[in-house]
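Enquirer: In terms of the working numbering, the sequence shown has 228 at position 152, counting the first letter as 1, and numbering is strictly consecutive.
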Amino acid sequence: MKSYHLTTFGCQMNEHDSERMKGMLESLGYHEAGSREEANLILFNTCSIRESADSRFIGHLGEAKRLKSEDPSRVVGVGGCWSQSMKERVFDQFPFVDVAFGPGQVNRLAEFLTSDSITAQGYFEFEGFTGHLPMRRAREFQAWVQISVGCNCVCSYCIVPSTRGREVSRPADELVAEVERLAADGVREVTLLGQNVNSYGRDLPKGHKATFAELLAKVDAVEGIERLRYTSPHPKDMREDVIRAHAELPSLCEHIHLPLQSGSSRVLKAMRRTYDRERYLDRVRMIRDIVPDCSITTDIIVGFPGETEHEFEATLEVVEEVRYDSAFTFVFSPRRGTAAAELPEQLPHAVKRPRMERLVDAVQRIAAERSQRFVGRTMEVLVEGPSRTDPERLRGRIRHNKTVNFARDVARSAEPGRLVDVPIASATSTTLAGKQRERMETDAKDSASMRNPSTDAKDSASMRADPSAVA
Ligand code: 5AD
Ligand code: SF4
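Right, dumping it as structure tokens:
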């Protein structure tokens with residue numbers, strides 16, 4: 077029997093493409109091998125967002141080269157963003173690669189595997205959506221739904237517009253039908269994926285146009301979907317209708333990931349982000365007004381070319397003002413083909429490193445303080461499985477997207493995929509610790525009441541604020 081081994085790098089978009097790759101391979105009769113040695117087909121789904129992503133992958137590719145030389149009948153395939161960004165060079169530099177393809181072109185991989193081709197093949201055309209492919213979800217109760225491919229932004233540091241092409245949205249009806257199928261298949265939590273989710277729908281033909289807020293409402297209305305998330309919005313397109321949706325739609329979680337990148341308006345301009353510090357802070361104020369208990373998380377880049385000490389401090393100021401629940405922090409990494417890589421004032425590591433450390437200190441301190449607001453409250457937790465550090469305990473996530481570890485004292489109701497109420501006993505910057513309250517037989521399916529203030533009036537009032545009450 078034919079077997080494959082797939083390693084995934086990068087973002088949720090890639091994780092999702094990998095689920096489709098797995099589904100497609102299994103429909104072609106492949107089964108998943110436990111290790112690369114055991115596989116006839118060695119696959120990588122790659123990322124190129126920062127140099128560190130490239131180097132990590134190249135190490136793994138070295139092992140594939142060795143395995144291929146031991147058994148030349150093995151097939152080595154490389155998909156995703158690194159592959160796309162190396163399309164001219166991949167076969168010259170890595171002649172043992174048999175098939176290379178860009179992000180989302182999973183159907184082309186199938187074409188290659190079912191053809192008689194013995195020569196290496198590259199598939200790099202942007203095609204928009206590649207049709208309905210089977211999907212093998214990592215967890216049966218959680219699913220990603222890709223609402224658009226590509227990105228029309230021109231952020232000067234970012235390789236993604238060149239690896240994923242122009243933005244193409246999927247029609248809302250098609251997305252709703254997909255979510256309905258997922259719900260019927262046991263999915264409780266859906267995460268909508270796009271490079272810039274809130275520019276969704278602008279490219280759809282007349283008569284089919286839909287805004288992102290409208291799409292959220294349609295997905296929220298699907299029976300059985302208890303939790304709705306999305307990633308990532310762009311601050312320039314974040315509108316009040318989407319923020320209001322967080323207060324109004326029962327399934328839409330109290331968490332917004334709003335990438336800042338820099339707190340300096342001068343740097344934001346050089347990054348071509350098309351918003352400035354004030355506009356960003358204005359969006360944050362609107363979130364805090366309409367959804368007071370919302371978690372806000374972000375992405376920040378340190379050491380963009382030409383960033384002065386003063387400009388870096390502007391980022392620290394925004395971090396202090398917004399008080400993020402968590403932040404992904406990155407040292408600027410020059411990427412091939414991007415405008416920022418060509419800027420003259422590249423900063424040395426000796427400047428970037430200490431700035432990064434100062435930023436991380438601030439982010440962690442604030443995240444730890446923010447977490448404390450959950451202590452003493454009873455939070456709705458979607459159980460995901462055993463705790464990573466202590467298999468005797470369980471792990472899950474609250475609607476605000478924080479991980480919770482808690483005791484399994486009511487085993488039956490705490491199966492993965494269930495919603496349970498967990499009183500929170502303590503909190504760190506990244507995780508909450510709780511104990512499971514004794515509430516039997518809580519099932520995601522019949523938990524509608526849990527979304528109402530009945531469980532904990534204090535929580536619910538702040539978690540799902542009635543906009544008229546807060547305004
Ligand atoms: N260098 C550092 N960080 C980057 N990101 C994107 N491109 C780069 C780069 N060249 C970060 C941004 C983005 C996140 C996914 O990765 O913060 O939001
Ligand atoms: Fe995702 Fe960007 Fe990496 Fe591509 S380059 S996999 S879009 S993070």
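Ideal placement from N, C-alpha and C gives every residue a C-beta, glycine not left out.
Between the C-alpha atoms of Pro247 and Ala321, what's the straight-line distance to the nearest angstrom?
Expert: The sequence position of residue 247 within the sequence shown is 171, counting from 1. The sequence position of residue 321 within the sequence shown is 245, counting from 1. Spanning the two alpha carbons is a distance of roughly 20 Å.
Enquirer: Ends of the beta strand (DSSP E) at Ala483?
Expert: The sequence position of residue 483 within the sequence shown is 407, counting from 1. It spans Thr479 to Ala483 - the beta strand (DSSP E) in which Ala483 sits, taken as one unbroken run.
Enquirer: Who are the near neighbours of Gln422 in its chain, counting only those whose CB is closer than 6 Å to its CB and skipping five residues on each side?
Expert: Looking up residue 422 in the sequence shown gives position 346. Excluding positions up to five away in sequence, the list reads Pro381.
Enquirer: Do you know how far the Cα of Ile500 is from the Cα of Glu468?
Expert: Here residue 468 refers to the residue found at position 392 when the sequence shown is read from its first residue. Here residue 500 refers to the residue found at position 424 when the sequence shown is read from its first residue. For Glu468 and Ile500, the distance between alpha carbons rounds to 18 Å.
Enquirer: When you compare the CB positions of Glu250 and Glu302, do they come within less than 8 Å of one another, or not?
Expert: Indexing the sequence shown from 1 puts residue 250 at position 174. Indexing the sequence shown from 1 puts residue 302 at position 226. No, Cβ-Cβ distance for Glu250 and Glu302 is not below 8 Å.
Enquirer: Use the C-beta contact count for Phe404: other C-beta atoms within 10 angstroms, 16 or more gives buried, fewer gives exposed.
Expert: Translated into the one-based positions of the sequence shown, residue 404 becomes position 328. Exposed, since its Cβ has fewer than 16 Cβ neighbours within 10 Å.
Enquirer: Measure the beta-carbon distance from Pro424 to Ala417 and round it to whole angstroms, keeping in mind my assumption that it falls under 8 Å.
Expert: Sequence index remark: in the sequence shown, residue 424 carries index 348 (1-based). Sequence index remark: in the sequence shown, residue 417 carries index 341 (1-based). At roughly 16 Å, the Cβ-Cβ gap does not stay under 8 Å, so Pro424 and Ala417 are not in contact.
Enquirer: What are the partner residues of His333, as DSSP defines its beta bridges?
Expert: By 1-based counting over the sequence shown, the position of residue 333 is 257. According to DSSP, His333 bridges with Thr373.
Enquirer: So for Ile319, helix, strand or coil by DSSP?
Expert: Within the sequence shown, the letter at position 243 stands for residue 319. Three-state result, Ile319: helix.
Enquirer: What is the DSSP secondary structure of Gly178, reduced to helix, strand or coil?
Expert: Looking up residue 178 in the sequence shown gives position 102. Three-state DSSP puts Gly178 in coil, outside helix and strand.
Enquirer: Might you give, ordered along the chain, the residues of its own chain that have their beta carbon closer than 6 Å to the beta carbon of Gly86, omitting 5 neighbours on each side?
Expert: Position 10 of the sequence shown holds residue 86. Result list for Gly86: Cys123, in chain order.
Enquirer: Taking only three categories from DSSP, how would you classify Met516?
Expert: Stepping through the sequence shown from its first residue, residue 516 is reached at position 440. The pLDDT assigned to Met516 is 46, lower than 50, so where the model puts this residue is not dependable; a value taken from the coordinates is nonetheless given after this. Coil, per DSSP.
Enquirer: Check whether the Cβ of Ile134 sits closer than 7 Å to any heavy atom of the ligand SF4, and report yes or no.
Expert: Against the sequence shown, residue 134 aligns to sequence position 58. No, since every heavy atom of the ligand SF4 falls outside the 7 Å radius drawn around the Cβ of Ile134.
Enquirer: Along the beta strand (DSSP E) that carries Thr454, what are the first and last residues, could you check?
Expert: On the sequence shown, residue 454 is found 378 positions in, with the first residue counted as 1. Per DSSP, Thr454 belongs to the beta strand (DSSP E) from Thr454 to Pro462.
Enquirer: Helix, strand or coil for Glu397 per DSSP?
Expert: The sequence position of residue 397 within the sequence shown is 321, counting from 1. Three-state result, Glu397: helix.
Enquirer: At the 8 Å Cβ level, is Leu292 part of the contact set with chain B, yes or no?
Expert: Note that chain B does not occur in the displayed structure, where there is just one protein chain.
Enquirer: What did DSSP end up calling Ala186 once you bin it into helix, strand or coil?
Expert: As a first step, residue 186 is located in the sequence shown; it is residue number 110 there, counting from the start. Ala186 falls in the helix class under three-state DSSP.
Enquirer: With the cut-off set at 8 Å, would you say Ser371 and Pro335 are in Cβ contact?
Expert: The residue given as residue 371 occupies position 295 in the sequence shown. The residue given as residue 335 occupies position 259 in the sequence shown. For Ser371 and Pro335, no; Cβs fall outside 8 Å.
Enquirer: Could you spell out the range, first to last residue, of the alpha helix (DSSP H) harbouring Asn90?
Expert: Looking up residue 90 in the sequence shown gives position 14. It spans Gln88 to Ser103 - the alpha helix (DSSP H) in which Asn90 sits, taken as one unbroken run.
Enquirer: For Arg471, which three-state DSSP category applies?
Expert: Taking the first residue of the sequence shown as position 1, residue 471 is located at position 395. Reduced to three states, the DSSP call for Arg471 is strand.
Enquirer: Measuring alpha carbon to alpha carbon, tell me which of Ile194, Pro430, Asp296 and Ser224 ends up nearest Pro148.
Expert: Position 72 of the sequence shown, counted from the start, is the residue given in the question as residue 148. When only C-alpha atoms are compared, the closest one is Ile194.
Enquirer: Going by DSSP in three states, Asp313 sits in which element: helix, strand or coil?
Expert: For the purposes of this step, residue 313 is taken as residue 237 along the sequence shown, with counting starting at 1. The answer is helix: DSSP assigns Asp313 an H, G or I state.
Enquirer: Return the bridge partner residues of Ile118 from the DSSP annotation.
Expert: If you number the sequence shown from 1, residue 118 lands on position 42. Paired residues: His81 and Val152.
Enquirer: Taking Met100 and Leu209 to be in contact with their CB atoms under 8 Å, please state how far apart those CB atoms are, rounded to whole angstroms.
Expert: Walking along the sequence shown from the start, residue 100 turns up at place 24. Walking along the sequence shown from the start, residue 209 turns up at place 133. 5 Å between Cβ atoms; contact.
Enquirer: Between the alpha carbons of Arg473 and Asp261, how many angstroms are there, rounded?
Expert: By 1-based counting over the sequence shown, the position of residue 473 is 397. By 1-based counting over the sequence shown, the position of residue 261 is 185. If I take the Cα positions, the gap works out to 21 Å.
Enquirer: Phe133 to Thr206, Cα distance in whole Å?
Expert: As a working mapping, residue 133 is identified with position 57 in the sequence shown. As a working mapping, residue 206 is identified with position 130 in the sequence shown. Taking the straight line from one Cα to the other gives about 25 Å.
Enquirer: Using C-beta distances below 6 Å, list every residue in its chain close to Ser523, excluding the 5 sequence neighbours before and after it, in chain order.
Expert: To locate residue 523, count along the sequence shown from 1; it is residue 447. Confidence in Ser523 is poor, its pLDDT being 41 and thus under 50, which makes the residue's placement unreliable; the coordinate value appears in the next sentence. For Ser523, where only same-chain residues beyond five positions count, the Cβ hits under 6 Å are Leu495.
Enquirer: Is Asp93 close to the ligand 5AD? I mean its beta-carbon at under 7 Å from any heavy atom of the ligand.
Expert: Mapped onto the sequence shown, residue 93 falls at position 17. No.
Enquirer: Which one of Lys163, Thr239 and Phe120 has the shortest CA to CA distance from Thr136?
Expert: Residue numbering aside, residue 136 sits at position 60 when the sequence shown is read from its first letter. Rather than Thr, the amino acid found at residue 136 in this sequence is His. Of Lys163, Thr239 and Phe120, the residue nearest in Cα terms is Phe120.
Enquirer: In terms of residues, what are the limits of the beta strand (DSSP E) holding Phe167?
Expert: Stepping through the sequence shown from its first residue, residue 167 is reached at position 91. Not the beta strand (DSSP E): Phe167 falls in the alpha helix (DSSP H), residues Val166 to Gln169.
Enquirer: How would the residue list near the ligand 5AD read, in chain order, if you kept each one whose beta-carbon is closer than 6 Å to any heavy atom?
Expert: Those satisfying the condition are, in chain order, Ile125, Arg126, Tyr233, Cys234, Pro335, Gln337, Asp375, Ile377, Phe406, Phe408, Ser409 and Arg411.
Enquirer: Could you check whether the Cβ of Val571 sits closer than 7 Å to any heavy atom belonging to the ligand SF4?
Expert: Any answer about residue 571 is impossible in this case: the structure gives the chain only from 77 up to 547.
Enquirer: Thinking just about the alpha-carbon of each residue, which of Ala186, Val244 and Ala286 is nearest to the one in Ser225?
Expert: As a position in the sequence shown, residue 225 is number 149, starting the count at 1. Per the sequence shown, the amino acid found at residue 225 is Val instead of Ser. Looking at the Cα atoms, Val244 is the closest of the given residues.
Enquirer: Starting from the Cα of Tyr400, find the closest Cα among Arg364, Arg150, Pro430 and Val298 and give me that residue.
Expert: Position 324 of the sequence shown, counted from the start, is the residue given in the question as residue 400. Nearest of Arg364, Arg150, Pro430 and Val298 to Tyr400, Cα basis: Arg364.
Enquirer: Helix, strand or coil for Asp130? Go by DSSP, reduced to three states.
Expert: Looking up residue 130 in the sequence shown gives position 54. The answer is helix: DSSP assigns Asp130 an H, G or I state.
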